[in-house]
Every structure is written in C-alpha cells, then in structure tokens.
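Visitor:
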Amino acid sequence: MASHFADRLCEAVRNKKTSLIVGLDPVYTRLPEAIRSHRQMNDEFDAAAAVDAIFDFCTQTMRIVAPMVPAVKINIAFFERYLWEGVETYYNLITEADDLGIEIIGDVKRGDIGHTAELYASAHLENPELAGLEDTLAPDAITINGYTGADGIKPFADMAAKQGKGVFVLVR
33 MASHFADRLC EAVRNKKTSL IVGLDPVYTR LPEAIRSHRQ MNDEFDAAAA VDAIFDFCTQ
93 TMRIVAPMVP AVKINIAFFE RYLWEGVETY YNLITEADDL GIEIIGDVKR GDIGHTAELY
153 ASAHLENPEL AGLEDTLAPD AITINGYTGA DGIKPFADMA AKQGKGVFVL VR
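Structure follows, in structure tokens:
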C-alpha cells in the first residue's frame with residue numbers, strides 16, 4: 033500500500049475508476065424520517081439523539097458508497113454543533129470509514145499562524161497519543177484555509193508530510 037495520502041488517493045481513484053468523493057454534511061432535520069423517527073427523543077436539540085441519528089445516517093451512507101468511491105469528506109462543523117458528543121461522533125465516523133477501506137478527508141477548514149496552526153495541525157493530522165484515546169484515528173487528509181498565507185499553510189504541510197497525510201488548501 034502507498035505510504036502517502038496523495039499516492040493512496042490516486043491508487044483508490046484508479047481502482048474505483050472515479051474521482052468522485054462523497055461529502056458528509058449531515059443536518060439532523062434533513063435526515064430521512066425513518067432514521068430520525070426511531071429515536072426516543074426525536075429532537076435535534078437533544079445532542080445524544082441527534083448524533084446517534086447522524087452517525088446512523090453517515091454510517092449507512094458510507095457502507096453503500098464505499099465500494100464505489102475512493103474517499104469521503106466529513107465536515108466537522110456539522111458535528112461541532114453538538115459539542116463533545118458531536119466531535120466524538122466525527123471521530124467514530126473516521127474509524128468506520130477506515131474500517132471500510134476508504135480514504136478520509138476531514139473538512140475542518142482550519143487556518144491560523146504560528147503555534148496555534150501547529151496545534152491545529154497536530155490535533156487534526158496526528159493520531160492522538162493520549163490515555164484512553166489510543167484507538168482514535170485522525171483523518172487521512174484535511175482541508176485548511178489558505179488565506180493566512182505561507183505562515184498558515186506550512187505547519188499543516190509539515191505535519192502532513194511527517195504523518196503521510198494530505199492537505200487541501202481552500203483558496204477561494
């Protein structure tokens with residue numbers, strides 16, 4: 033298997049004969065009724081019920097598309113809305129996608145400079161080495177905001193190179 037994200041993605045594109053990437057931007061109120069209605073609370077304002085339904089929807093979607101697409105892009109903003117329960121769900125979906133053998137792009141759109149950018153890069157591109165989180169995976173690549181220029185891109189590019197991961201830079 034290729035050791036860098038770009039090589040793995042190109043290999044997956046060749047194998048699946050498509051460059052289509054499925055974006056997961058789940059909004060609770062737009063989920064199919066069948067997924068929402070079997071939750072006890074059935075309420076987007078109940079974080080546990082909402083992220084359970086969102087996880088169910090995203091997992092089902094990934095299982096369907098995994099044989100056909102090289103990657104999924106998971107937008108963290110749709111999970112951060114539910115605070116720690118949402119962020120935990122985001123990382124659980126990364127594990128699910130990894131188990132399905134598809135590349136994972138974390139759509140995080142981070143952008144800053146200096147030490148803050150280094151910490152964002154570490155948080156989103158390194159697998160955590162924290163007690164109790166040893167099984168947590170970081171995505172294979174992330175999106176970043178390039179508007180801060182080279183000072184904002186370099187920490188992410190350096191970390192991605194070190195980890196064999198990728199970075200997509202938002203330029204417009």
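My numbering applies: residue 33 is where the sequence shown begins, and numbers increase by one.
Glycine included, each C-beta is placed from N, C-alpha and C at the ideal position.
Can you tell me which of R40, L56, F200 puts its alpha carbon nearest to the alpha carbon of F206?
Guide: Past the boundaries of the shown model lies residue 206; the chain is included only from 33 to 204, so the question cannot be answered.
Visitor: If you compare alpha carbons, which of D130, L52, K49, V199 is closest to Y152?
Guide: Sequence index remark: in the sequence shown, residue 152 carries index 120 (1-based). It is V199 whose Cα lies nearest to the Cα of Y152.
Visitor: Quick check on N159 - is its C-beta less than 7 Å from some C-beta in chain C?
Guide: Looking at the structure shown, chain C is missing, and only one protein chain is on hand.
Visitor: Do you know how far the Cα of I176 is from the Cα of D139?
Guide: Residue mapping note: residue 139 aligns to position 107 of the sequence shown, counting from 1. Residue mapping note: residue 176 aligns to position 144 of the sequence shown, counting from 1. Whole-angstrom Cα-Cα distance: 8 Å.
Visitor: Go through its chain and collect everything with a Cβ distance to T61's Cβ below 7 Å, but skip five positions before and after it.
Guide: Residue mapping note: residue 61 aligns to position 29 of the sequence shown, counting from 1. Cβ within range, chain order: E76.
Visitor: Sort out for me which residues DSSP pairs E135 with in a bridge.
Guide: The sequence position of residue 135 within the sequence shown is 103, counting from 1. For E135, which the question treats as bridged, DSSP gives the partners A103.
Visitor: Helix, strand or coil: how does DSSP classify M33 here?
Guide: In the sequence shown, residue 33 corresponds to position 1, counting from 1. Low confidence applies here, because M33 scores a pLDDT of 49, under 50, leaving its location unreliable and the question unanswered by this model.
Visitor: Would you say the region 182-198 touches the region 108-128, given that touching needs at least three Cβ pairs under 8 Å?
Guide: Taking 8 Å as the limit for Cβ pairs, the verdict is that the region 108-128 does not touch the region 182-198.
Visitor: Alpha carbon to alpha carbon, how far is L165 from M100? Give it in angstroms, no decimals.
Guide: To locate residue 100, count along the sequence shown from 1; it is residue 68. To locate residue 165, count along the sequence shown from 1; it is residue 133. If you take the alpha carbons of M100 and L165, they lie about 31 Å apart.
Visitor: Under 8 Å Cβ to Cβ from L132, same chain only, skipping five residues before and after it: list those, please.
Guide: Taking the first residue of the sequence shown as 1, we reach residue 132 at position 100. M94, R95, A98, listed in sequence order.
Visitor: Residues in the same chain with beta-carbon distance under 8 Å from P64, minus the five sequence neighbours each way, listed in chain order, please.
Guide: Within the sequence shown, residue 64 is the residue found at index 32, counting from 1. For P64, where only same-chain residues beyond five positions count, the Cβ hits under 8 Å are F89.
Visitor: Rounded to whole angstroms, what's the CA-CA distance from D78 to F111? Just pull it up for me.
Guide: The residue you call residue 78 lines up with position 46 of the sequence shown. The residue you call residue 111 lines up with position 79 of the sequence shown. So the alpha carbons of these two residues sit roughly 13 Å apart.
Visitor: Pick out whichever of A173, L169, L157, G146 has its Cα sitting closest to the Cα of G181.
Guide: The sequence position of residue 181 within the sequence shown is 149, counting from 1. The shortest C-alpha separation from G181 is found at G146.
Visitor: Using DSSP with H/G/I as helix, E/B as strand and the rest coil, what is K56?
Guide: One-based indexing of the sequence shown puts residue 56 at position 24. The question names Lys, but residue 56 in the sequence shown is Leu. Reduced to three states, the DSSP call for L56 is strand.
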